[in-house]
Ligand SMILES: [Zn+2]
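In the working numbering, the protein residues as written are 155 to 560.
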C-alpha cells in the first residue's frame, strides 16, 4: 500500500516536472519568436544585422525543441511562420494550456502587434544569444513590477497613495511640469526616460500623449498611411491618422481621430526634456491604477457602496481597492480587489501562482477587452481563493448587491 502510494507520488512528480519542462521550452520558443518579429519589423536595422539576429532567433527556437523532436525549419519557413498563428513553430503543448499556439505576433499587413515588447518581457527566458542584441529584453516583467513596488513600499502610506494618483495623472510630459507635480517624490521615483530615446512614438520629431493614459502613443507607418494609437487603449477606440493638411514649420502634424474615444490631441516636441515613465512602469503601474480609478468612479454614486483606494490592512500596497456593500438588514459584503493589465494572460497567471496566497479571498480585475481570457485565468487559479472578472462584470456584481439582489 505504502509502496504504491509512494510510486503514485513519484509518477505525479515526474508528470509535473515534464509539464514544467514543456512550459519552459514553450516560453523559450515564444521569446525567440517575439525577438525575431521585433528584428523583422525594425526598419532602422541594416540588412546584415537583421539577418544575424534572425539566425540567432532561429537557433534559439530550434534549441527550445526537445532533442528527440528537432524542428525541421529553414529561414524562409521561419519568417513565414512568424506571420501566422504560432502553433507550428512551438514545441508540442502536451498538457500545458498556455494559449501560445493561437497567438499572432504580426498583423495582416506584416506589422508587429501592439504590446509585443510587454509580451516578450512577460515571458522572457534569458538566452545569451538574444541578450547581445536586445538590452530591453533583459529584465523580466515580474522583476520590473517588483522593482516598482519595492520603491513604492518604502514610501509612507500617505506618499504611497500620492504616488499611485500621480502614476495615473502624470506619467509623461515636459520635465519642468513633471518635477513640479511629483515634487517631494521626484528624486525617489527614478523611472522616467527621455521621449527622444524612443523612436517608436515619434512623428517628425513630435509625440502625442494618449487621451486616456497620457503616455506616448505608438506611430505606425503602413505604406502611405500613418496611424497613431495607444497600445493599451486602441481596443477602446483611441486611434488617429495623420491629417493631409500640413501645418507650418515648428508646428506638430495634426492628427484626425478615427476611433470612438479619439479626443483631440496636440503633439509635443520629442526632445530630451520631455520625459515619460518607463514602459514597464506604464504597463504594471499606470494602467492598473487607471483601472482602479475607473472602478471607483463607476461606483461613486451608488447608494450603500463604499470604495477605499489602496486601503491595505497591514500595508497600503497589500491590495488595490476595498469595496464594501452595506445594505440595512443584510449581511455586509466586501470585495478586495487587485487590478491587472498584462499583455499575456498566461504570464499573469504564472506570476499570481508564484505569489504567497492571501489569508482572504481576492478579486483580480482585468480590462473589459480581456474578457475572453477570464475563463482561462479562473481555471489556472482554481483553489487559490481568487476570483477573476472584468471591470464591468465587477461593477454589475457590486451594483446588484447594493440593490439587495442576491
Ligand atoms: Zn492609453
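All C-beta atoms in this analysis are idealised placements derived from N, C-alpha and C, irrespective of residue type, glycine included.
Tell me which same chain residues have a C-beta within less than 6 Å of the C-beta of residue 376, skipping the five on either side of it? Here the question's residue 376 lines up with position 222 in the chain shown. Excluding residues within five positions, the ones whose Cβ falls inside 6 Å are 263.
* To do: Check each candidate in 273, 534, 448 and name the one with the smallest Cα separation from residue 522.
  => Along the chain shown, one-based indexing puts residue 522 at 368. The candidate whose alpha carbon is nearest that of residue 522 is 448.
* Of the residues 301, 249, 417, which one's Cα is nearest the Cα of residue 172? -> Taking the first residue of the chain shown as 1, we reach residue 172 at position 18. Among 301, 249, 417, the Cα nearest to that of residue 172 is on 249.
- Query: Of all residues in the structure, which have a C-beta closer than 5 Å to any heavy atom of ligand 1, taken in chain order?
  - Reply: 364, 366, 367, 384, 386, 387
* Supposed close pair residue 197, residue 281 - CB separation, criterion 8 Å -> Counted from its first residue, the chain shown places residue 197 at position 43. Counted from its first residue, the chain shown places residue 281 at position 127. Incorrect: roughly 24 Å between the Cβ atoms, too far for contact.
Inset, instruction - Could you tell me which residues DSSP puts in a beta bridge with residue 492? - result: What you label residue 492 is simply residue 338 of the chain shown in a count that begins at 1. For residue 492, which the question treats as bridged, DSSP gives the partners 518.
- Which term fits residue 322, buried or exposed, when burial requires 16 or more other beta carbons within 10 angstroms of its beta carbon? Against the chain shown, residue 322 aligns to sequence position 168. Per the 10 Å Cβ criterion, buried.
| task | Flag this pair as yes or no: are the beta carbons of residue 272 and residue 499 separated by less than 8 Å? | result | Counted from its first residue, the chain shown places residue 272 at position 118. Counted from its first residue, the chain shown places residue 499 at position 345. It is not a contact, given that the beta carbons lie outside the stated cut-off.
Please go through the same chain and pick out, in chain order, the residues whose beta-carbon is closer than 6 Å to the beta-carbon of residue 549, but skip the five residues on each side of it. One-based indexing of the chain shown puts residue 549 at position 395. These residues qualify, in order along the chain: 452.
Worksheet item: What first and last residue would you give for the beta strand (DSSP E) that runs through residue 327?
Response: For this step, residue 327 is matched to residue 173 along the chain shown. Element bounds for residue 327: 326 to 328.
Margin query: Between the segment 242 to 260 and the segment 356 to 373, can you find at least three pairs of beta-carbon atoms closer than 8 Å?
Written below: no
Are the CB atoms of residue 438 and residue 299 within a distance shorter than 8 Å? Working through the chain shown from its first residue, we reach residue 299 at position 145. Working through the chain shown from its first residue, we reach residue 438 at position 284. Yes.
With residue 445 and residue 519 assumed to form a contact (beta carbons below 8 Å), what rounded beta-carbon distance in angstroms separates them? By one-based count along the chain shown, residue 445 stands at place 291. By one-based count along the chain shown, residue 519 stands at place 365. Contact holds; Cβ gap of about 6 Å.
**Prompt:** Cβ atoms of residue 411 and residue 394: under 8 Å apart, would you say?
**Reply:** One-based indexing of the chain shown puts residue 394 at position 240. One-based indexing of the chain shown puts residue 411 at position 257. Their beta carbons are under 8 Å apart, which means residue 394 touches residue 411 by this criterion.
| Residue burial classification, residue 370 (beta-carbon count within 10 angstroms, cutoff 16) | Here residue 370 corresponds to residue number 216 of the chain shown, with the count starting at 1. The residue in question, residue 370, is buried, as its Cβ has 16 or more Cβ neighbours within 10 Å.
Exercise. Smallest Cα separation from residue 407: which of 295, 387, 489, 357?
Worked result: Position 253 of the chain shown, counted from the first residue, corresponds to residue 407. Selected option, being the one with the closest Cα: 357.
task = Counting only the same chain and skipping the five closest in sequence on each side, list residues whose C-beta sits under 8 Å from that of residue 374.
result = Counted from its first residue, the chain shown places residue 374 at position 220. For residue 374, where only same-chain residues beyond five positions count, the Cβ hits under 8 Å are 265, 380, 381, 382, 383.
Could you name the residues of the same chain whose beta carbon sits closer than 7 Å to that of residue 335, not counting the 5 residues immediately before and after it, in chain order?
Counting from 1 along the chain shown, the entry for residue 335 is found at position 181. Once the five neighbours on either side are set aside, the close Cβ partners of residue 335 are 320, 324.
Which listed residue (301, 477, 385, 457) has its alpha carbon closest to that of residue 516:
Residue 516 sits at position 362 when you count from the first residue of the chain shown. Looking at the Cα atoms, 477 is the closest of the given residues.
Q) Which whole-angstrom value is the C-beta distance of residue 609 and residue 211, which I expect to be below 8 Å? A) Absent from the structure is residue 609, since the part of the chain shown begins at 155 and ends at 560.
If distances are taken between C-alpha atoms only, which option among 430, 302, 398, 313 comes closest to residue 368? Within the chain shown, residue 368 is the residue found at index 214, counting from 1. Among 430, 302, 398, 313, the Cα nearest to that of residue 368 is on 430.
Q) Is residue 459 closer than 8 Å to residue 528 when the C-beta atoms are compared? A) As a working mapping, residue 528 is identified with position 374 in the chain shown. As a working mapping, residue 459 is identified with position 305 in the chain shown. For residue 528 and residue 459, no; Cβs fall outside 8 Å.
Checklist entry - When burial is assigned at 16 or more other CB atoms within 10 Å of the CB, is residue 297 buried or exposed? => result As a first step, residue 297 must be located in the chain shown, where it is residue number 143. Result: exposed.
Quick check: residue 295 and residue 385, are their CB atoms within less than 8 Å of each other?
The residue given as residue 295 occupies position 141 in the chain shown. The residue given as residue 385 occupies position 231 in the chain shown. No, Cβ-Cβ distance for residue 295 and residue 385 is not below 8 Å.
### Task
Starting from the Cα of residue 531, find the closest Cα among 342, 183, 253 and give me that residue.
Looking up residue 531 in the chain shown gives position 377. If we check each option's Cα against that of residue 531, 253 comes out closest.
| message | Looking at the strands, I want to know which residues DSSP matches up with residue 375. | response | Indexing the chain shown from 1 puts residue 375 at position 221. 380, per the DSSP bridge assignment.
**Report entry** Residues near residue 302 in its chain [Cβ-Cβ closer than 8 Å; skip 5 each side]
**Finding:** For the purposes of this step, residue 302 is taken as residue 148 along the chain shown, with counting starting at 1. Excluding positions up to five away in sequence, the list reads 345, 434, 435, 438, 439.
### Task
Write down every uninterrupted run of the alpha helix (DSSP H) in the segment 223 to 296 whose length is 4 residues or greater and which is fully enclosed by it, in chain order.
229 to 235, 270 to 277, 282 to 285
Can you tell me the Cα-Cα spacing of residue 261 and residue 240, whole angstroms? For the purposes of this step, residue 261 is taken as the residue at position 107 of the chain shown. For the purposes of this step, residue 240 is taken as the residue at position 86 of the chain shown. Using only the alpha carbons, I get a separation of about 13 Å.
task = Go ahead and label residue 495 buried or exposed: buried means 16 or more other beta carbons lie within 10 angstroms of its beta carbon, across all protein chains shown.
result = As a working mapping, residue 495 is identified with position 341 in the chain shown. Residue 495 should be labelled buried.
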